[in-house]
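For the sequence shown, the numbering used here begins at 431 and goes up steadily by one.
First comes the structure, then the notes that go with it.
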Amino acid sequence: MAGLPGAGKSTIADILGERINATVVSVDPIESAILSAGIDSDQPTGLAAYLVAEKIAEFILLSGQSVIVDAVNAVGPAREQWVALADRMGQTLKFIEVVCSNAELHRRRLESRHWKIPHLAEPTWHAVEQSLDEYSEWDGTSAAVARITMDSVEPLETNVGTAMAFVKG
């Protein structure tokens, strides 16, 4: 999964994981755990969370199960991490990018959600706007990997159905 905070990727990931019997590994709770261990927030806890998520995903794949990684994946190196993991494991990788084309709706969703992840501040709309400025175009190796982009202004069930068809296709 890929997309800005509040776009709807976690909601889709959770439902998709349940329907296709895949384990969802989310980077945010991992980063929360790193912070709760006393690691200072001025350290690269986000990078550490991605690396831990990769190791967890690897063990899930080794057990013969499917995995969905729920992360922003805003830049090429983050995306390439999953490409490399899939290559190492001999697995097929499919990216599902979730966007929200309606900025007002995206902001309302972000500001109305109640994040229950300790030690991580709920992203602000300003932070999302800054993230959008840093969000990389899809190019390089990840461009060769199957990817769809879904707009969360569409009904949730429509997007889940699209995601299921994409993953199974």
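Using N, Cα and C, we set each Cβ at its ideal position, and we do this for glycine too.
Remember, predicted model here, so these are calculated numbers, not experimental data.
Short check: CB of residue i to CB of residue j, under 9 angstroms?
| i | j | result |
| --- | --- | --- |
| residue 556 | residue 437 | no |
| residue 541 | residue 577 | no |
| residue 538 | residue 525 | no |
| residue 501 | residue 431 | yes |
| residue 558 | residue 499 | no |
| residue 531 | residue 563 | no |
| residue 434 | residue 575 | no |
| residue 565 | residue 505 | yes |
| residue 452 | residue 495 | yes |
I think residue i touches residue j, with their Cβ atoms under 8 angstroms apart; what is that distance to the nearest whole Å?
| i | j | result |
| --- | --- | --- |
| residue 544 | residue 462 | Residue 544 to residue 462, Cβ: 15 angstroms. No contact. |
| residue 590 | residue 442 | 6 angstroms |
| residue 450 | residue 594 | 7 angstroms |
Among the options, whose alpha-carbon lies nearest the alpha-carbon of residue i?
| i | options | result |
| --- | --- | --- |
| residue 520 | 434, 504, 492 | 492 |
| residue 454 | 473, 554, 486, 589 | 486 |
| residue 568 | 595, 503, 560 | 503 |
| residue 476 | 518, 593, 507, 583 | 507 |
| residue 547 | 554, 583, 472, 466 | 466 |
Opposite residue i in the DSSP bridges: which residues?
| i | result |
| --- | --- |
| residue 475 | In the DSSP output, where bridge partners are listed per residue, residue 475 has none listed. |
| residue 577 | 525 |
| residue 456 | 500 |
Nearer than 8 angstroms: is that true of the beta carbon of residue i relative to any heavy atom of the ligand FAD?
| i | result |
| --- | --- |
| residue 458 | With respect to the ligand FAD, the structure offers nothing, as it holds no ligand at all. |
Between residue i and the rest of its own chain, which residues show a CB-CB distance below 6 angstroms, the 5 nearest in sequence each way excluded?
| i | result |
| --- | --- |
| residue 552 | 545 |
Identify, in the order they occur along the chain, each residue of the same chain with its Cβ nearer than 7 angstroms to the Cβ of residue i, setting aside the five sequence neighbours on each side.
| i | result |
| --- | --- |
| residue 484 | 511, 515 |
| residue 523 | 512, 513, 516, 575 |
Within a Cβ cutoff of 8 angstroms, which residues of the same chain sit near residue i, ignoring the five residues on either side of it in sequence?
| i | result |
| --- | --- |
| residue 464 | 475, 478, 479, 482 |
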